[in-house]
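Please read the structure below before turning to the comments.
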Amino acid sequence: MTTTARKVAPRRGARKGAGTSEAVAVETIAVTCGFCEGKGRDRFGIMSALSTCCVCGGLGTVSVKTPYVRCAFCQGAGVYPSSRQTCTACGGVGVHPVEGPSPQCPHCLGTGVDPHSETGFYCLVCHGAGVVPEGGSRLSMDAESGK
Ligand SMILES: [Zn+2]
Ligand SMILES: [Zn+2]
Ligand SMILES: [Zn+2]
Numbered sequence: 467m468t469t470t471a472r473k474v475a476p477r478r479g480a481r482k483g484a485g486t487s488e489a490v491a492v493e494t495i496a497v498t499c500g501f502c503e504g505k506g507r508d509r510f511g512i513m514s515a516l517s518t519c520c521v522c523g524g525l526g527t528v529s530v531k532t533p534y535v536r537c538a539f540c541q542g543a544g545v546y547p548s549s550r551q552t553c554t555a556c557g558g559v560g561v562h563p564v565e566g567p568s569p570q571c572p573h574c575l576g577t578g579v580d581p582h583s584e585t586g587f588y589c590l591v592c593h594g595a596g597v598v599p600e601g602g603s604r605l606s607m608d609a610e611s612g613k
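Numbering-wise (the working numbering), the sequence shown opens with residue 467 and increments by one.
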């Protein structure tokens, strides 16, 4: 007896729903550039009075993820305190994106300045933001994100 047990089921339209990736929608908002105050020019005209702001590229605004907080270290000015450099804590934008509700940083007490730094470096726990994500510092968050 010869049995042909070959059954090839036709597979048509089996690709439905494939490739549906649920990308997490990250909301970004255009905030006024702290360093140039929205003028798009270098705040101090270090190169020339007409030189383009290195933070926003001359746009006057910077796209920032929401929610965000004002940079405590430079108080939103985007300028490194007592210098003409861009704020290294926030990159000159003047704000820090946060994950959500962020309590005051216990290390710098919200000032954004490292209390143990003689040179007035920004607080490494909150990176100058003055706030930390709920449940820990930014440093520990970075360590955990390596899934
Ligand atoms: Zn700018
Ligand atoms: Zn700053
Ligand atoms: Zn801090």
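Every residue gets a Cβ at the ideal spot worked out from N, C-alpha and C, and that includes glycine.
For Gln570, which three-state DSSP category applies?
Sequence index remark: in the sequence shown, residue 570 carries index 104 (1-based). Looking at Gln570 - three-state DSSP - the assignment turns out to be strand.
Spatial neighbours of His573 in its chain, beta-carbon cut-off 6 Å, leaving aside the 5 residues before and after
Within the sequence shown, numbered from 1, the residue matching residue 573 stands at position 107. Result list for His573: Cys589, Val591, in chain order.
If you follow the beta strand (DSSP E) that Arg550 is part of, which residue opens it and which one closes it?
Along the sequence shown, one-based indexing puts residue 550 at 84. Neither: Arg550 is in no beta strand (DSSP E) and is coded neither H nor E.
The beta strand (DSSP E) that contains Gly536, what's its start and end?
On the sequence shown, position 70 is the one that residue 536 refers to. One detail in the question is off: residue 536 reads as Arg in this sequence, not Gly. Start and end: 534 to 536.
Beta-bridge pairing of Pro563 - partner residues as DSSP gives them:
Sequence index remark: in the sequence shown, residue 563 carries index 97 (1-based). Partner(s): Tyr534.
Compare the C-beta of Arg507 with all C-beta atoms of chain C and state if any pair is closer than 8 Å.
Absence of chain C from the displayed structure is noted, only one protein chain being present.
Which residue or residues does DSSP assign as beta-bridge partners of Thr498?
For the purposes of this step, residue 498 is taken as residue 32 along the sequence shown, with counting starting at 1. For Thr498, which the question treats as bridged, DSSP gives the partners Thr527.
Less than 8 Å between the beta carbons of Ala538 and Thr494, yes or no?
The sequence position of residue 538 within the sequence shown is 72, counting from 1. The sequence position of residue 494 within the sequence shown is 28, counting from 1. The answer is no: Cβ separation not under 8 Å.
Check whether Ala555 and Thr527 have beta carbons under 8 Å apart:
Indexing the sequence shown from 1 puts residue 555 at position 89. Indexing the sequence shown from 1 puts residue 527 at position 61. Contact: no.
Quick one: Cα of Ala595 to Cα of Ala543, how far?
In the sequence shown, the residue the question calls residue 595 occupies position 129. In the sequence shown, the residue the question calls residue 543 occupies position 77. Cα-Cα distance, rounded: 13 Å.
Tell me whether Cys519 counts as near ligand 1, meaning its Cβ is closer than 7 Å to at least one heavy atom of that ligand.
The residue you call residue 519 lines up with position 53 of the sequence shown. Under cutoff, so the answer is yes.
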